[in-house]
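Some notes on the structure that comes next.
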């Protein structure tokens, strides 16, 4: 595989792609053992009803196990978000029969439970529909379920999670249901499939503005000697666990509660004692904190101590968990679904203490799990539902181990893999595997053993945030080297020369010049100038390509950069026109392919010759990322094939530099979101075959050439990870093997199949040797919601780690902060003794700790010893809310963003961080009729944002499809500078005149992490109109405008008390009065935090009248005093109103007032004109005398005061000589300043004409 980068994809359109997962991938055996061996990976089963329209399928949400056919082997029922239920009947050998599908009329389903509700000894199914306020009951009819509900039980809008149990002691199954807007409701089962409401516990109600959250969690337990089960309850917004019990009259009531850290899931059972103990403990999963807490049993009403007995750190955060004695040693073990990785993790119970044991891969985005003996060996197995890949993973317990059987060709990875290559690095005749790891700033090498298995990973540090990689002999010594493109600014490439024995020398890094800074994505190598040395080309994260000249010794020199294509994610090289010069082809994220023709001067020319190709219009593809060379039609001309969201595209090569006019779909290509491509002759017929993977569905398809000369799918199978593919000969048999990577690494060998074996000891992370000194280990600079452990404060903080071998007394040491503006602040430690390998947490707030806060925009922290010597220094970039910036592991050189901050604890790999986006503005003057709206959004990520879109639709048509407007950060779309994290774009097609629209921001990063702002777009409570952002497009502009802004008022305009607060002036420039009632003046519109708002009182502004709003944060001083101050360094400021349906209307505004010195004003230059800085003129037109300014490089603006009813005449000249003056068009005065726009023609002079 050449230079694969981290995968990217659009998850919102997943439903459209899930159709392929319904086809139940089958294997057609072909020549070659490889195809047969690939079958060993198949432990996943597709879920979802194929009768539902593809675009409406959204994956599974809940699962339960039950005895559906009376054979005592656990069967499965799975609730899907699309309103269907998938049922699987177990066959007893670890497999399941064909799925059956049950339909509801629900918009979306949530919790599901299985129990015998009618006394026939067969389990029935109940599932919750929170949007409809119903529970759907399916009565088991002799092992068969009806296709539609047997009955619909009224609940309430918001009821979402449920559990079955005998809560009143009558030996009949009851229901407990939880959800927002009510709390918990008890339904007494009558034993015939009917229910009656007997209790409503509204004290357990949880509210969340993202309906139908929060999630409720239930567990039941029947105390010894009791006839009824007790119920334990919490929800995701609660810091309390409640215990409910029968009150003696058949109704549940609260008998106890304890404080807990908010938990998304919990279990109860004996942990500190053997599994047959009647003393139960509490285990809670803190998903967003990355921990699991064990609470010991006690004699309190709740039965648990509020004190945490054991804390487990879970990399990636725990999503769901179950207690079961996996290894049958008499102690309950713990199985955990990992939130940010596609894996489950087990903890072995070692005499009352949980110890990490093993891991196993599952499908994409695992959610809930159930336990059952699916293969009848008396060991508990595991079933996990996977939301994104829309399937079910079944894991079979390895007897005697607290873990699940795993193929011996699956290997753990960490550090976020971003590229995969296969090459013989130790010259033993067998190819080895090298991966690039973005988060840990490393490459890892696994050397192949004689049987094709891979040895342990050896890690080598390389560039800062490496992304693309190339394997090539750079210094021409016959030994393979590695080079990477690096994301961290200022942008660089790094080189490690190979030793020929599987190792590498020291890293050499070559940076972009300061004036050409930028994050680098992709990389390729070739001798571009024909001098016999290897050169480099690398794609920027915007739209450029940069060239480095090789010096022949492994070093490189920057040459120049050029515009290429938007986000060139992959680059390949070839002499396409066969003129002896190596050309370059690249594919951009938006599927365009660009070929740069090398005319022999590629390393020196100031201009390049680009050939730009688009995909065929009917393909409707949106993204691409992997590019390969293949003569697919055997005509002797190289073609280009690229992965895309609709399979594989091909651009057919012809004579010279000619290619087909557009790219088309490769014949036989699967229609799923293709992520990676690998080429080899897999079936030994002399033809290159095409292997293509899908990250979303974690699968691969291999296309081979048939007797008719056409390619077709020979094999399609699920695999443990589908992000990256490569091929090589690992086992030395002369036949190609396949290698895949992502959350795990896997191999499929041509010589032997994989064998199920015991799980390897847990190796989620490989131990790294940290720096042997005290270091700044982790910082949190934008703490919005996280309470610091041991305090009640939501403070910023700094964590120090003692990596030295001795205890250190930090007395007299200091932390120095250098802000971006150069300001320096320092604070000194008190007496603090820190042992080796331990942490010291320092609060960073104005009231404690450092006595200063950390700047969210970034800065530099220095750790100084008592003598003032710098021991460590960390330059940190712009920070994300509630995301820390930390060393990859304690004391490590690499830094990464961390979505699960862990102050005072060991740093672990928690996976990629979701991007962050915030709406900045809709440019006010683009809301006018016949204009395309221009949107501005700020986007920040731990790596690179590859796509940021504004998704919109009419507010009055919520069933319509969202339209997509792409925003750019390349410096070419009025977005400021390239890669400045400000995105801009026009909304195509333009909303209709006066139309109210709703919209959200969809932002995707190169790790495949997707964020929607707001969350869950389009998912609203039944009475809500929308939960999205809104605006009224192209509204007729009223004659009301912001005319003057003074953000540092010293002597310009006093208020009624004689003080000089900042102020905003508005004016009515029309001919009729304007009522201000309901209008608002706001500092920004769509920020995450609540924006202070000044709401105008009922006041009528007469034609020509001015009104001043004093911004002094003292609204009690008068009706026109705003509850905020103005920022002299700049801020957005808008005059807005709201329609009856809640759509925002921008009356007027400025996106950034910019820096304003004391007693200077930002004013309108003419009615409806641009803003310009000048002298304040309160309550008057904005020009007491003519003044001028440059509008742009070619236009000069002349602002002239006017008198109503008077004609004003001005003249201009290029010199002051008599007779050279010419007249400007006469201006008829209306009492407002007027703006004349004049073309710049060198020096210009103006004067008022003589009357």
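Residue numbers (the working numbering): 28 to 1278. All C-beta atoms in this analysis are idealised placements derived from N, C-alpha and C, irrespective of residue type, glycine included. Just so you know, these numbers come straight off a predicted model, no measurement behind them.
Check, Outcome
"Cα-Cα separation, residue 999 to residue 703", "30 Å"
"Three-state secondary structure (DSSP) of residue 810", "coil"
"Spatial distance of residue 1108 from residue 1160 (CA atoms)", "7 Å"
"Complete alpha helix (DSSP H) runs within the stretch 977-1056 (minimum length 4 residues, chain order)", "none"
"Given residue 315 as reference, the closest of 1098, 125 and 344 once Cα atoms are compared", "344"
"C-alpha distance - residue 501 paired with residue 588, whole-angstrom precision", "21 Å"
"Cβ-Cβ distance between residue 382 and residue 755 below 8 Å", "no"
"Coarse secondary structure for residue 645, derived from DSSP in three states", "helix"
"Beta-ladder partner(s) of residue 413, from DSSP", "393 and 418"
"Residue nearest to residue 688 in terms of C-alpha spacing, selected from 655, 741 and 622", "622"
"Residue range of the alpha helix (DSSP H) that includes residue 750", "First-last for residue 750: undefined, no H or E at that position."
"Inter-residue Cα distance where the pair is residue 488 and residue 974", "29 Å"
"Contacts around residue 1137, its chain only, beta-carbon distance under 6 Å, and the 5 residues preceding and following it disregarded", "1082, 1088, 1090 and 1148"
"Closest residue to residue 1240 among 985, 1265 and 1229 (Cα-Cα distance)", "1265"
"Local conformation of residue 53 per DSSP, three classes", "With a pLDDT of only 37 at residue 53, under the threshold of 50, the placement of this residue in the model should not be trusted; the figure read from the coordinates follows. Coil."
"Beta-carbon gap between residue 194 and residue 246 smaller than 8 Å", "no"
"Expected contact under 8 Å - CB spacing of residue 1121 and residue 1103 to nearest Å", "That pair is no contact at about 11 Å."
"Bounding residues of the alpha helix (DSSP H) (the contiguous stretch that carries residue 63)", "60-65"
"Paired residues, beta bridge with residue 264 - DSSP", "DSSP output for residue 264 lists no bridge partner at all."
"Contact under 8 Å by Cβ, residue 787 with residue 770", "no"
"Three-state secondary structure (DSSP) of residue 329", "coil"
"Residue from 1184, 1174, 220 and 1163 with nearest C-alpha to residue 1155", "1184"
"Reference residue 4, options 651, 542, 675 and 410, closest by Cα", "With the chain represented from 28 up to 1278, any question about residue 4 goes unanswered, as that position is not in the structure."
"For residue 726, the nearest candidate out of 738, 714 and 743 (CA to CA)", "743"
"Residue range of the unbroken beta strand (DSSP E) whose run includes residue 1161", "1160-1165"
"Distance CB(residue 1163)-CB(residue 1112) smaller than 8 Å", "yes"
"Residue 1145 versus residue 1086: straight-line alpha-carbon distance, rounded", "13 Å"
"Assigned secondary structure, residue 1261 (DSSP; H/G/I helix, E/B strand, else coil)", "strand"
"Same chain, Cβ closer than 7 Å to residue 1243, five either side skipped, listed in chain order", "1272"
"Where residue 952 falls: helix, strand or coil (DSSP)", "helix"
"Counted within 10 angstroms of its Cβ, other Cβ atoms place residue 736 as buried (16 or more) or exposed", "exposed"
"Spatial distance of residue 274 from residue 864 (CA atoms)", "52 Å"
"Within 8 Å, strictly: CB atoms of residue 569 and residue 969", "no"
"Inter-residue spacing [alpha-carbon to alpha-carbon] between residue 171 and residue 708", "48 Å"
"Residue 847 burial status per 10 Å Cβ neighbour count (16 or more: buried)", "exposed"
"Residue 878, DSSP secondary structure in three states", "coil"
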